[in-house]
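Reading through the structure tokens given below for one structure.
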């Protein structure tokens, strides 16, 4: 399942390590507390060359990673293949639920959502049933590796969904920065503020400029969440991710976590 790469990964980016280190240093200097960083990889469930590359990078850097897993895509056989690469470490990997089948229910004129108004129109019980089917499937396949965190596809979901998640025993949700509707302190939202692979800028220069700004700004927040999509990673994207992890590790004040550490 390969998808198009963003413009930022279609040309050589000059002096990339220096630019990344500069953005990281600025963000750390602006932060009033030691920065906390997590990485969230979406659309997990199908073995692929890109998934193997992603896991190899995180293994090499000994970096934790949140694996947002689509229940409808994962089978016991596929999980066995994926686990050959990841191993069993709960300290490094945070498997958790990513929607149910990653299907859009909204009209073409609306932003995509699997758990938005399009599903809510059929009644909250339908939302609860879909969430529960996905949860049970992952519980059966992942066992106690399945963490009680929910990442909605496209980083969007309705209030009915947030309510249903809490009723089903989920402890947190993970969406994008300033997502609506808001959650409560008792049900936190581990928001991502840096988008590595689904960028839509028209040029590589604009994309890099905005990416560096997101990294700097993200490090000033309570948590800097960095979103990954391995299906969109070409060779340049692999190299940039590798360089980014190296540069982040050079900042001693940054700590790296996954959702299990935050619950």
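In my numbering, the protein residues as written are 2 to 264. Where is the CB? At the ideal position from N, CA and C, for every residue including glycine. Treat the numbers as computed from the prediction; the structure is a model and nothing was measured.
What does a CB cutoff of less than 6 angstroms around residue 167 pick up in its chain, not counting 5 residues either side in sequence?
188
Do residue 40 and residue 255 have their CB atoms nearer than 8 angstroms?
Taking 8 angstroms as the Cβ cut-off, residue 40 and residue 255 do not qualify as a contacting pair.
Cα-Cα, which of 249, 90 and 223 is closest to residue 32?
223
Collapsed DSSP secondary structure at residue 62 in the structure displayed
helix
Report the residue from 116, 104 and 202 whose alpha carbon sits nearest the alpha carbon of residue 165.
Out of 116, 104 and 202, 116 has the C-alpha closest to the C-alpha of residue 165.
Quick one: residues in its chain with C-beta nearer than 7 angstroms to the C-beta of residue 128, no 5 flanking neighbours on either side, listed in chain order?
116, 120, 121, 161, 162 and 165
Please state whether the Cβ-Cβ distance between residue 132 and residue 169 is less than 8 angstroms.
Cβ distance < 8 angstroms, so residue 132 and residue 169 count as in contact.
Suppose you measure from the CA of residue 200 to the CA of residue 8; what does that come to, to the nearest Å?
8 angstroms
Could you give the DSSP three-state label for residue 94: helix, strand or coil?
DSSP places residue 94 in strand when its eight states are reduced to three.
Going along the chain, which residues of its own chain have a beta-carbon closer than 6 angstroms to the beta-carbon of residue 10, five neighbours each way excluded?
235, 237 and 238
Given a cut-off of 8 angstroms on the beta-carbon distance, is the pair residue 97 and residue 141 in contact?
no
Within the continuous beta strand (DSSP E) that includes residue 41, where are the two ends?
37-45
One question on the structure: do residue 174 and residue 185 come within less than 8 angstroms of each other, judged by their Cβ atoms?
no
Taking Cβ positions, are residue 195 and residue 37 nearer each other than 8 angstroms?
no
Buried or exposed (CB count within 10 angstroms, at least 16 for buried), residue 144:
exposed
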